[in-house]
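K.L.:
First the structure, then my questions, so here it is.
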Amino acid sequence: MVQMTLRVAVDDRACIGSGNCVEQAPGAFALTDDGVVTVIDTTTVPDDDLLAAEASCPVAAILVSEESPHP
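Next comes the structure, spelled out in structure tokens:
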């Protein structure tokens, strides 16, 4: 059985810096000095928290997708 991993991306042009994702998935995201969110580390954050962060973004600037691991 192949384990799927999640890939997380932030559209910094769409991000309004609401911080919802930072609250939903602490450690995965951080607000920059410019007021937009950046991905820090998603490897230690539960998948459910990453999906909650995606759902909580008011402008849909976070994209979480499944990615097959490389052989």
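The opening residue of the sequence shown carries number 49 in our numbering; numbering runs sequentially from there. Virtual Cβ for every residue (Gly too), placed ideally from N, Cα, C. Here the structure is a predicted model, which is why all the values come from computation and not from measurement.
DSSP three-state call for residue 70: helix, strand or coil?
P.N.:
When secondary structure is reduced to three states using DSSP, residue 70 falls in the helix class.
K.L.:
Of all the options 54, 115, 93 and 113, which has the alpha carbon lying nearest to the alpha carbon of residue 70?
P.N.:
Of the listed residues, the one whose Cα sits closest to residue 70 is 93.
K.L.:
In whole angstroms, give me the CA-to-CA distance for residue 78 and residue 58.
P.N.:
11 Å
K.L.:
Whole angstroms are fine: how far does the CA of residue 83 sit from the CA of residue 99?
P.N.:
About 22 Å.
K.L.:
So the beta strand (DSSP E) residue 57 belongs to, where does it begin and stop?
P.N.:
53-58
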